[in-house]
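**Student:**
2 protein chains.
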Amino acid sequence: MSPRTADDKMSGESSTTADRARAAAGDRVIDAVLTASRLLVAVSARSLNEVEDSLTLPQFRALVVLASRGPLRLTHLAEHLAVNPSTAMRMAERLASAGMIDRSPNPENRRESIATLTEAGREVVEQVTTRRRDEITAIVERMPADHLDRLVEALESFSAAGGEPSAGYDPIPLGWQ
Amino acid sequence: MSPRTADDKMSGESSTTADRARAAAGDRVIDAVLTASRLLVAVSARSLNEVEDSLTLPQFRALVVLASRGPLRLTHLAEHLAVNPSTAMRMAERLASAGMIDRSPNPENRRESIATLTEAGREVVEQVTTRRRDEITAIVERMPADHLDRLVEALESFSAAGGEPSAGYDPIPLGWQ
DNA sequence: CACTTTGTTTGCATAATGCAAATCATGCCC
DNA sequence: GGGCATGATTTGCATTATGCAAACAAAGTG
Numbered sequence: 001m002s003p004r005t006a007d008d009k010m011s012g013e014s015s016t017t018a019d020r021a022r023a024a025a026g027d028r029v030i031d032a033v034l035t036a037s038r039l040l041v042a043v044s045a046r047s048l049n050e051v052e053d054s055l056t057l058p059q060f061r062a063l064v065v066l067a068s069r070g071p072l073r074l075t076h077l078a079e080h081l082a083v084n085p086s087t088a089m090r091m092a093e094r095l096a097s098a099g100m101i102d103r104s105p106n107p108e109n110r111r112e113s114i115a116t117l118t119e120a121g122r123e124v125v126e127q128v129t130t131r132r133r134d135e136i137t138a139i140v141e142r143m144p145a146d147h148l149d150r151l152v153e154a155l156e157s158f159s160a161a162g163g164e165p166s167a168g169y170d171p172i173p174l175g176w177q
Numbered sequence: 178m179s180p181r182t183a184d185d186k187m188s189g190e191s192s193t194t195a196d197r198a199r200a201a202a203g204d205r206v207i208d209a210v211l212t213a214s215r216l217l218v219a220v221s222a223r224s225l226n227e228v229e230d231s232l233t234l235p236q237f238r239a240l241v242v243l244a245s246r247g248p249l250r251l252t253h254l255a256e257h258l259a260v261n262p263s264t265a266m267r268m269a270e271r272l273a274s275a276g277m278i279d280r281s282p283n284p285e286n287r288r289e290s291i292a293t294l295t296e297a298g299r300e301v302v303e304q305v306t307t308r309r310r311d312e313i314t315a316i317v318e319r320m321p322a323d324h325l326d327r328l329v330e331a332l333e334s335f336s337a338a339g340g341e342p343s344a345g346y347d348p349i350p351l352g353w354q
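If you read the protein sequences in the order shown, they are chains A and B. Counted the way this note's numbering counts, the first sequence spans residues 1 to 177. Counted the way this note's numbering counts, the second sequence spans residues 178 to 354.
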């Protein structure tokens with residue numbers, strides 16, 4: 001928002017140049033990550049469709065969250081998916097009627113109900129994950145080996161700088177809306 | 178698709194180990210890129226909301242495509258967004274009634290109608306882009322400088338290996354959904 | 001028991017999506 | 001020139017995803 005401040009007027013051209021340099025770096029990075037993201041998205045979508053084309057991507061994300069975090073209250077599921085509780089609720093209904101999850105009230109606390117992955121749900125997640133991992137592996141195999149470590153290192157550094165908690169095996173960005 | 182071929186049976190354990198190594202590499206990469214993607218998605222969504230919270234992310238993606246490719250036929254817009262023509266059509270309607278784009282029939286060829294960014298649309302894209310670039314720049318500034326080049330290099334290598342056409346300034350993956 | 005807190009569910013409204021069928025404007029071929 | 005294949009847009013239909021706000025329900029508190 002404010003690449004040009006009062007300071008700029010003092011330092012003149014050099015500051016402007018530095019700004020431009022950083023901006024260019026930002027553009028390059030954003031381009032690179034965006035492209036890589038697209039690739040990953042494409043891979044994920046393809047993997048999902050090959051295994052189960054009746055599930056939508058948001059639904060699959062929900063399954064993945066349940067697979068990695070274990071049974072969750074609807075509220076927490078909603079939080080992990082970064083959606084409104086009502087959205088999570090209705091998604092849960094659909095997933096339940098598709099046999100992918102179970103939704104039973106917690107006996108301890110009858111006001112909350114817990115979503116659990118069914119065996120079918122677990123299998124879908126596993127198959128899609130395997131499929132996806134295979135595709136990624138195939139891509140990675142085509143990369144120069146020495147780029148691999150750098151890639152991971154650089155990406156982690158980037159994420160750390162952005163304050164994003166490292167994502168064990170969480171969602172799939174797909175949510176990009 | 179075929180990490181295990183007939184050859185595997187000949188080389189025995191070593192091949193299994195290699196497979197595991199590659200798979201692990203794949204997992205690390207996917208984790209890293211996924212995390213970075215999430216960060217980028219978050220940044221994009223935030224930037225968009227700060228500038229214009231009445232636009233949805235898909236709509237904004239459409240504007241970005243128009244900004245980078247220039248006026249497009251609806252069919253082509255749909256292709257660039259990787260959605261069905263009917264989806265693009267209705268999105269175009271909404272964007273038009275929001276004053277972000279113009280939709281006029283091509284005088285040359287009246288069967289096609291062309292979507293053009295309006296001044297308002299261009300401004301939104303520019304503001305959001307600036308905002309986003311600033312945020313990315315801020316993150317990049319916190320990275321060790323020597324990681325930057327590697328990051329770009331490694332990511333490009335990854336995308337190239339996956340056969341993803343380098344994305345000048347295209348969409349935002351958000352579509353993961 | 002009245003009041004608050006917390007989690008779930010419903011109502012209401014809008015967007016995004018895909019598929020298939022209906023139009024519409026061209027271009028081309030007898 | 002009339003009829004047909006083609007390509008592009010538009011409509012109809014159905015489903016999902018979303019958010020917000022209000023209604024509910026189960027605990028917990030004073």
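Even glycine gets a Cβ: it sits at the ideal position worked out from N, Cα and C.
Are the segment 251-267 of chain B and the segment 205-219 of chain B in contact at 8 Å, needing three or more beta carbon pairs?
**Tutor:** The way I'd put it, the segment 251-267 of chain B doesn't touch the segment 205-219 of chain B; fewer than three beta-carbon pairs between them come closer than 8 Å.
**Student:** On the DSSP bridge list, what partners appear for B/Asp-279?
**Tutor:** In the second sequence, residue 279 of chain B corresponds to position 102, counting from 1. In the DSSP output, where bridge partners are listed per residue, B/Asp-279 has B/Thr-293.
**Student:** Of the residues that make up the segment 60-80 of chain A, which ones have a beta carbon closer than 9 Å to any beta carbon in chain B?
**Tutor:** The segment 60-80 of chain A vs chain B, Cβ under 9 Å: Arg-61.
**Student:** Given A/Met-100, which residues of its chain have a CB within under 8 Å of its CB, disregarding the five upstream and five downstream residues?
**Tutor:** Within the first sequence, the letter at position 100 stands for residue 100 of chain A. For A/Met-100, where only same-chain residues beyond five positions count, the Cβ hits under 8 Å are Leu-55, Gln-59, Leu-63, Leu-117, Thr-118, Ala-120, Gly-121 and Val-124.
**Student:** With a threshold of 8 Å between beta carbons, is A/Asp-27 in contact with chain B?
**Tutor:** Walking along the first sequence from the start, residue 27 of chain A turns up at place 27. Proximity of A/Asp-27 to chain B, defined by a Cβ-Cβ separation below 8 Å, is satisfied.
**Student:** B/Ile-291 and B/Pro-321: beta carbons closer than 8 Å?
**Tutor:** Counting from one through the second sequence, the residue named residue 291 of chain B turns up at place 114. Counting from one through the second sequence, the residue named residue 321 of chain B turns up at place 144. Contact: no.
**Student:** Quick one: what's got a C-beta closer than 7 Å to B/Ala-222's C-beta in the same chain, skipping five residues either side?
**Tutor:** Translated into the one-based positions of the second sequence, residue 222 of chain B becomes position 45. Here the set comprises Leu-234.
**Student:** With three or more C-beta pairs closer than 8 Å as the rule, is the segment 325-337 of chain B touching the segment 272-287 of chain B?
**Tutor:** Touching, no.
**Student:** Consult DSSP for A/Arg-73 and reduce its assignment to one of helix, strand or coil.
**Tutor:** Locating residue 73 of chain A in the first sequence gives position 73, counting from the first residue. In the structure shown, A/Arg-73 sits in a strand (DSSP, three-state: E or B).
**Student:** Taking 8 Å as the CB-CB cut-off, is A/Ser-54 touching chain B?
**Tutor:** As a first step, residue 54 of chain A must be located in the first sequence, where it is residue number 54. Not an interface residue.
**Student:** Could you give the first and the last residue of the continuous alpha helix (DSSP H) run that contains A/Ala-161?
**Tutor:** Taking the first residue of the first sequence as position 1, residue 161 of chain A is located at position 161. Per DSSP, A/Ala-161 belongs to the alpha helix (DSSP H) from 145-162.
**Student:** Would A/Arg-28 pass as a contact of B/Val-329 if the rule is Cβ separation under 8 Å?
**Tutor:** For the purposes of this step, residue 28 of chain A is identified with residue 28 of the first sequence, where counting begins at 1. For the purposes of this step, residue 329 of chain B is identified with residue 152 of the second sequence, where counting begins at 1. Cβ atoms of A/Arg-28 and B/Val-329: closer than 8 Å.
**Student:** Exposed or buried, which one is A/Glu-52 when buried takes at least 16 other CB atoms within 10 Å?
**Tutor:** Mapped onto the first sequence, residue 52 of chain A falls at position 52. Here A/Glu-52 is buried, its C-beta having at least 16 other C-beta atoms within 10 Å.
**Student:** Kindly indicate which three-state DSSP category B/Asp-204 falls into: helix, strand or coil?
**Tutor:** Working through the second sequence from its first residue, we reach residue 204 of chain B at position 27. B/Asp-204: helix per DSSP, three-state reduction.
**Student:** Would you give the residue range spanned by the alpha helix (DSSP H) that A/Leu-55 belongs to?
**Tutor:** Position 55 of the first sequence, counting from 1, holds the residue named residue 55 of chain A. For A/Leu-55, no alpha helix (DSSP H) run applies, since DSSP gives it neither H nor E.
**Student:** Indicate the three-state DSSP secondary structure (helix, strand or coil) for B/Ala-244 in the structure shown.
**Tutor:** Numbered from its first residue, the second sequence carries residue 244 of chain B at position 67. Here B/Ala-244 sits in helix by DSSP.
**Student:** Look up B/Glu-227 in the DSSP assignment and say whether it is helix, strand or coil.
**Tutor:** Numbered from 1 along the second sequence, position 50 holds the residue referred to as residue 227 of chain B. B/Glu-227: helix per DSSP, three-state reduction.
**Student:** Just confirm the distance between the C-beta atoms of A/Val-33 and A/Arg-132, as a whole number of angstroms; I'd bet it's less than 8 Å.
**Tutor:** Taking the first sequence and counting its residues from 1, the one referred to as residue 33 of chain A is at position 33. Taking the first sequence and counting its residues from 1, the one referred to as residue 132 of chain A is at position 132. At roughly 19 Å, the Cβ-Cβ gap does not stay under 8 Å, so A/Val-33 and A/Arg-132 are not in contact.
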